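*Asks:*
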Amino acid sequence: MSGVEAGLPGMDDAVRTAFRRLLLSLADSKRILGIRYSDWLLGAPSIEAGIAASSMAQDEWGHARLLYASLKDFGDDPVALEHDRQAAEYASMEALDAPFDDWARVIAGAVVVDGALAVALRAVAEGGYEPIEGRISKMLGEEAFHRSLAEAWFRRLAGSEEGARRLKGAVEEWLAPTLRVLAPDDEGHRVLAAAGLTLPAAELRARLAERVSPLLELLSVEMPEPLGLDDWDEGRGRGPGHPAEEAVERARGDLNRALFVE
Amino acid sequence: MDEIIYDVFTRKSRGDTLTHVGYLTAPDEAMARVYAWTTYDEENWFEMCIVPRSAIIPVNRTDGPFAAASHEVSA
Chain A
546 MSGVEAGLPG MDDAVRTAFR RLLLSLADSK RILGIRYSDW LLGAPSIEAG IAASSMAQDE
606 WGHARLLYAS LKDFGDDPVA LEHDRQAAEY ASMEALDAPF DDWARVIAGA VVVDGALAVA
666 LRAVAEGGYE PIEGRISKML GEEAFHRSLA EAWFRRLAGS EEGARRLKGA VEEWLAPTLR
726 VLAPDDEGHR VLAAAGLTLP AAELRARLAE RVSPLLELLS VEMPEPLGLD DWDEGRGRGP
786 GHPAEEAVER ARGDLNRALF VE
Chain B
13 MDEIIYDVFT RKSRGDTLTH VGYLTAPDEA MARVYAWTTY DEENWFEMCI VPRSAIIPVN
73 RTDGPFAAAS HEVSA
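The listed protein sequences correspond, in order, to chains A and B.
Count along the first sequence from 1, add 545, and you get the number used in this note's numbering.
Count along the second sequence from 1, add 12, and you get the number used in this note's numbering.
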């Protein structure tokens, strides 16, 4: 599919609403993921690893900015999206609500969360939404390095008893909620997949499973079923809760509000 | 963690000479590739490659960073 125009003119409101939710979920997740990576600019296991974390943080913020800008075609004000929302309005993945406490959680987050975001982005590119289709290929090029780093570190950490224990705790905590955000079996996702703007939930789950299963095998962990929809927040496309206030204050740039030039 | 030194070589354009721009330490090749790309990202490189320093064989000098003792041959 290709040539889908900005703002999805001519499509049902339900499709437009669902696509907006998907773009905002991707943008918010990348913004908060960037903050979580940036916490490890100093304090990573080596200077090179810290520089890589810094680079990944910048990549995520760049991707987020582009995705926020794309929401202008859906009636949003990108500046307001980036700087004016409360934490409870953020649609970022649950795994990012709290800081990554140690390097194992940075790596587990890069595998599970960054991996799921890459799968979702690729599906959007394949859906042919023209305004961002080309730029997603550049994003995925950057994501290939995130994946290389994450998988190399994952294998290394999985080789020690303590490393494996910490990785296992993180992936077991995050996989099921992340699968639900990536591929929610709700009405919004179904209309999007039916319109060809993303893939059906089962296909998205299979792609993430294919990506992470070789790593999970190192920990004797199997892909779980996604969480059910009992506590699903359909408007935001995630479960209950929100990212910690401190992260959202940094995402909005509260301390620099007086200096805004935008 | 056993760290290996890798030297980093780049060229900005297709016809440029490959130039040594620095080095890094990493436990294996996979991480070294990422570290090279994220550490030496000041240019939009046409090509970047890395070489484990232990693979560089000095020819005419016995000092300097590439003069690994294992390659020295006595007369």
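Backbone N, C-alpha and C fix where the C-beta goes; we use that ideal spot for every residue, glycine too.
Here the structure is a predicted model, which is why all the values come from computation and not from measurement.
(1) Buried or exposed: which applies to T723 of chain A, given that a residue is buried once 16 or more other Cβ atoms fall within 10 Å of its Cβ?
(2) Would you call I69 of chain B buried or exposed, if buried means 16 or more other Cβ atoms sit within 10 Å of its Cβ?
(3) For a test of your reading of the model: does the CB of A751 of chain A fall under 7 Å from any non-hydrogen atom of the ligand SAM? Yes or no.
(4) Closer than 7 Å, Cβ to Cβ, to anything on chain A: give me those residues from the segment 35 to 55 of chain B, in chain order.
(5) Output needed for Y582 of chain A: all residues of its chain with C-beta closer than 6 Å, excluding positions within five of it in sequence on either side, in chain order.
(6) DSSP has E59 of chain B in a bridge; who is on the other side?
(7) So, with DSSP's three-state summary, where would you put D778 of chain A?
(8) Using only the alpha-carbon positions, how far apart do R26 of chain B and A42 of chain B sit?
(9) Check the Cβ of E593 of chain A against every Cβ in chain B and list those closer than 7 Å, keeping chain order.
(10) In or out: A689 of chain A buried (at least 16 other Cβ within 10 Å) or exposed?
(11) Please report the Cβ distance between A715 of chain A and A653 of chain A, rounded to the nearest whole angstrom; I am assuming they are in contact, meaning their Cβ atoms lie under 8 Å.
(12) Work out the CA separation of G733 of chain A and D775 of chain A for me, nearest whole Å.
(13) Taking the alpha carbon of A709 of chain A as the reference point, which residue from A:G782, A:S765 and A:E748 has its own alpha carbon closest?
(14) In chain order, which continuous runs of the beta strand (DSSP E) of length 3 or greater are located wholly inside the segment 748 to 800 of chain A?
(15) Pick out whichever of A:W698, A:R692 and A:D659 has its Cα sitting closest to the Cα of S570 of chain A.
*Replies:* Once the coordinates are examined:
(1) buried
(2) exposed
(3) With respect to the ligand SAM, the structure shown offers nothing to examine, as it has no ligands at all.
(4) L36, T37, A38, P39, D40, A42, M43, R45, V46, Y47, W49, T50, T51 and D53
(5) A598, M601 and A602
(6) B:R23
(7) strand
(8) 25 Å
(9) L36, T37, A38, Y47 and T51
(10) exposed
(11) 4 Å
(12) 15 Å
(13) A:S765
(14) none
(15) A:D659
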